[in-house]
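Okay, structure first, notes after.
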Amino acid sequence: MATATLSISFQNNARCEIFIGEGMLSRIPRRFFSDTSSIFVISDSVVSKLYGRKLESSLSRIAPSHSISFTHGERSKSLLVASNLASKLSDLGADRKSAIVALGGGVVGDLAGFVASIYKRGVRYCQAPTTLLAQVDSSIGGKTGVDTDWGKNQLGTFYQPEAVFIDPSTLDSLPRKELINGLAEIIKSAVIADRNMFDAVSKENLDSVQELKRFIPNTCRIKAKVVEADERERGLRSVLNYGHTVGHAIEAASKFRMSHGYSVTLGMIAEGWIARKMGVFLSRDYEKQQELLGRVRKNFGSELVINPNKVLAFARLDKKSSKGTIRMSLPERIGRMSRTREGSYMTPVSNELLLSSLGFLFQ
Ligand SMILES: NC(=O)c1ccc[n+]([C@@H]2O[C@H](COP(=O)([O-])OP(=O)(O)OC[C@H]3O[C@@H](n4cnc5c(N)ncnc54)[C@H](O)[C@@H]3O)[C@@H](O)[C@H]2O)c1
Numbered sequence: 003m004a005t006a007t008l009s010i011s012f013q014n015n016a017r018c019e020i021f022i023g024e025g026m027l028s029r030i031p032r033r034f035f036s037d038t039s040s041i042f043v044i045s046d047s048v049v050s051k052l053y054g055r056k057l058e059s060s061l062s063r064i065a066p067s068h069s070i071s072f073t074h075g076e077r078s079k080s081l082l083v084a085s086n087l088a089s090k091l092s093d094l095g096a097d098r099k100s101a102i103v104a105l106g107g108g109v110v111g112d113l114a115g116f117v118a119s120i121y122k123r124g125v126r127y128c129q130a131p132t133t134l135l136a137q138v139d140s141s142i143g144g145k146t147g148v149d150t151d152w153g154k155n156q157l158g159t160f161y162q163p164e165a166v167f168i169d170p171s172t173l174d175s176l177p178r179k180e181l182i183n184g185l186a187e188i189i190k191s192a193v194i195a196d197r198n199m200f201d202a203v204s205k206e207n208l209d210s211v212q213e214l215k216r217f218i219p220n221t222c223r224i225k226a227k228v229v230e231a232d233e234r235e236r237g238l239r240s241v242l243n244y245g246h247t248v249g250h251a252i253e254a255a256s257k258f259r260m261s262h263g264y265s266v267t268l269g270m271i272a273e274g275w276i277a278r279k280m281g282v283f284l285s286r287d288y289e290k291q292q293e294l295l296g297r298v299r300k301n302f303g304s305e306l307v308i309n310p311n312k313v314l315a316f317a318r319l320d321k322k323s324s325k326g327t328i329r330m331s332l333p334e335r336i337g338r339m340s341r342t343r344e345g346s347y348m349t350p351v352s353n354e355l356l357l358s359s360l361g362f363l364f365q
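The numbering used here puts the sequence shown at residues 3 to 365.
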């Protein structure tokens, strides 16, 4: 795969460049670290063993480099681990001219980005995503954060990485379950903005990592376009939350034992059902979406028993809820999201309809 580059410009003159190419971790461009005193690679316990040395040897040609890692998994995406990482940065002498590189999946990216945004009131950082989910979604757009007892991503910041270095060859070591997690976000992007990509994914062998890699550049392009138009999620960006109101609530209700991609797959099935019931989602496209997501769902294996009332309670805490009313971004057809008469991409959804969708989901 030749290197593809994308660039996102933000209103405050900030820019983020995205590089996509096999072997990218070994050829990090120097220019992102000019004027940097030292570089800190933050990674998790699995990824640091697999790719830490490769990235560090590439970075140490640019500036003195150090590695810090934490136990892999969503449970580490906490304020406590963020605080421990900051303390390690301080012990190792990180100053305001240091830079952080987040090497890993979405957990590493969200956590390291969060730490970068608050350490000494903010140091520069880049993302080096190593899961499909992180390569097509979480590394782009500058949302950082940690989970709390009362829900997912409840503490966080908008803080843009200066660059995202995507090396698809890292996906060769990714467990199949994690690959399917990323596939959920590819399908989400296709449903919200790209019918052709949806048709291409539907025809694909969902088992083949080589085939799935082909969708990385286009999915990144969709995300880049949306976040460039609406960095702070005042309007359009909410379309990226399709499947996530119910998805995040399922993830939290399962105490994070269900993965993000699995939960979002279930979330899209439920939210697609709601859109159809409200007469918003074109029937033919609804059927196509449910058929594809049904196939993806089977790939995750057995499911936990989830209490619908718990899901409802977490959905009501969702950051898009307003005055206790749950709001969702819903599709109108594959490739286009619906807008209310007032022009908003958020549609209010009653508690009863949400509970019925969970009945449909878990029947
Ligand atoms: N910031 C955003 O915009 C955004 C968007 C979507 C999701 N997210 C967040 O992303 C997180 C989920 O990310 P994820 O699915 O990448 O999970 P993850 O970061 O936990 O990674 C999944 C597992 O794969 C391992 N792993 C990572 N790369 C590997 C590789 N190349 N080879 C082998 N193993 C590897 C990790 O160690 C981990 O055990 C959630 O916390 C979610 O909230 C954030």
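Heads up, the beta-carbon is just placed ideally off N, CA and C, and yes, glycines get one too.
Rounded C-alpha distance that separates residue i from residue j
i: S40; j: L94; result: 10 angstroms
i: D149; j: K79; result: 6 angstroms
i: S304; j: I20; result: 36 angstroms
i: S346; j: R335; result: 17 angstroms
i: S141; j: K312; result: 29 angstroms
i: F42; j: E58; result: 9 angstroms
i: A231; j: F12; result: 8 angstroms
i: K190; j: C18; result: 23 angstroms
i: Y121; j: L157; result: 15 angstroms
i: G337; j: A65; result: 44 angstroms
i: M199; j: A192; result: 6 angstroms
i: R98; j: M26; result: 26 angstroms
i: D201; j: L306; result: 30 angstroms
i: M372; j: L356; result: Residue 372 is absent from the model: the chain starts at 3 and stops at 365.
i: S50; j: S71; result: 7 angstroms
i: N183; j: V211; result: 12 angstroms
i: T159; j: R123; result: 12 angstroms
i: S67; j: E233; result: 31 angstroms
i: R55; j: S175; result: 15 angstroms
Range of the contiguous beta strand (DSSP E) that encloses residue i
i: V166; result: 165 to 168
i: H262; result: It is not in any beta strand (DSSP E) - H262 instead sits in the alpha helix (DSSP H) that spans 262 to 279.
i: Q156; result: 153 to 160
Short Cβ contact (9 angstroms threshold) for residue i with residue j
i: Y161; j: T172; result: no
i: A130; j: L113; result: no
i: R33; j: S60; result: no
i: L242; j: G274; result: no
i: I328; j: N353; result: yes
i: I218; j: V166; result: no
i: N207; j: E213; result: yes
i: G23; j: D196; result: no
i: V103; j: H74; result: no
i: V248; j: R239; result: no
i: E187; j: V109; result: no
i: S261; j: K179; result: yes
i: S204; j: E293; result: yes
i: T133; j: L52; result: no
i: T349; j: L360; result: no
i: L314; j: W152; result: no
i: E125; j: A96; result: Residue 125 is actually Val in this sequence, not Glu. It is a contact, given that the beta carbons lie within the stated cut-off.
i: S340; j: F283; result: yes
Three-state secondary structure (DSSP) of residue i
i: Q129; result: strand
i: R17; result: strand
i: A114; result: helix
i: V43; result: strand
i: L208; result: coil
i: L355; result: helix
i: K79; result: coil
i: T172; result: helix
i: V307; result: coil
i: S28; result: helix
i: F105; result: The question names Phe, yet the displayed sequence has Leu at residue 105. Strand, per DSSP.
i: T150; result: strand
i: S67; result: strand
i: K257; result: coil
i: K51; result: helix
i: I142; result: coil
i: A136; result: helix
i: G249; result: helix
Strand pairing of residue i, partner residues [DSSP]
i: P350; result: R329
i: F72; result: D46
i: M339; result: P333
i: S324; result: T327
i: I22; result: A6, I168
N-terminal and C-terminal residue of the alpha helix (DSSP H) that residue i is part of
i: V298; result: 285 to 301
i: L8; result: Counting along the chain, L8 falls outside any alpha helix (DSSP H), though it belongs to the beta strand (DSSP E) covering 6 to 11.
i: P219; result: 218 to 231
i: K190; result: 178 to 195
i: E242; result: Reading off the sequence, residue 242 comes out as Leu, not Glu. Unbroken run through L242: none, as it is neither H nor E.
i: S59; result: 55 to 61
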